[in-house]
Structure formats: structure tokens, C-alpha cells
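Heads up: the sequence shown begins at 4 in this note's numbering, then just goes up one per residue.
All residues carry an ideal CB built from backbone N, CA and C; glycine is no exception.
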Amino acid sequence: MAWKKVAEKDAVAPGKGREFTVDGKRIAVFNQNGFHALDSVCVHQDGSLAPGKLEGDVVECPLHFWHYNIKTGELLDYMKGVKLQTYKVEVKKDGIYLDV
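(1) Please name the residue, chosen from A5, F23, D102, that lies closest to P54 on a Cα-to-Cα basis.
(2) Beta strand (DSSP E) containing V46: first to last residue?
(3) Helix, strand or coil: how does DSSP classify W69 here?
(4) Are the CB atoms of I99 and K12 nearer to each other than 8 Å?
(5) Taking the straight line between their C-alpha atoms, what separation do you get for R21 and Y90?
(6) Rounding to the nearest angstrom, what Cα-Cα distance links Q88 and L41 in this structure?
Have a look at this one:
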């Protein structure tokens, strides 16, 4: 894996998420008590999780209301054992970096 800059530090507002495409992967970065990153595509019908509603560590897919833990990538309802890929995030003076 390699660290890649995806955005400036203020690109993701507190309590919000934003999607970035990195090496062809759609990745959602959330600013919720620190920065967290996971695959942005919901396993249900490929909706983006980035604009989803955040409550604590849980994001709700805006299309059909499936719920994922933004720290672990775990799907919290409907199917057991489903997890999205998560990515390490580092915030530096010049921006937000992901280990992809």
C-alpha cells in the first residue's frame, strides 16, 4: 500500500463525508471524531455512502438506509459478515492522505 494525498485538510467538513476516486477506487472519507475512510459503494445497490447521514460511528446509505460502521466497514444490518474495505488516514499540514 502507498500513501496518497486525496484532499486539502478542510475538504471534508466536520460531521460530513466526501467521496474521492483514488487509483480507480471510490473511497468515502468521513470527518467524525477524527478522519475515517472506507469503500464508498454500498453493497446493496452501489449507492455512495459519502453523502449519508452520520450518527456517531455509523453512516446510513442515503438510497435504502443500510448502515455501516465508518471505523470498521462492517454492515450493521441485513447480512452478517459483510465488511467494506477500510483505509488508514493521516492528516498532515498539507492535506488528507490515505494508505491505498
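This is what the structure gives:
(1) Walking along the sequence shown from the start, residue 54 turns up at place 51. Shortest Cα-Cα distance from P54 to any of A5, F23, D102 involves F23.
(2) On the sequence shown, residue 46 is found 43 positions in, with the first residue counted as 1. Premise fails: V46 is in no beta strand (DSSP E) and is neither H nor E.
(3) On the sequence shown, residue 69 is found 66 positions in, with the first residue counted as 1. DSSP places W69 in the coil class of the three-state scheme, outside both helix and strand.
(4) Position 96 of the sequence shown holds residue 99. Position 9 of the sequence shown holds residue 12. Cβ atoms of I99 and K12: closer than 8 Å.
(5) The residue you call residue 21 lines up with position 18 of the sequence shown. The residue you call residue 90 lines up with position 87 of the sequence shown. Approximately 14 Å, taken between the alpha carbons.
(6) Counting from one through the sequence shown, the residue named residue 88 turns up at place 85. Counting from one through the sequence shown, the residue named residue 41 turns up at place 38. Cα-Cα distance, rounded: 6 Å.
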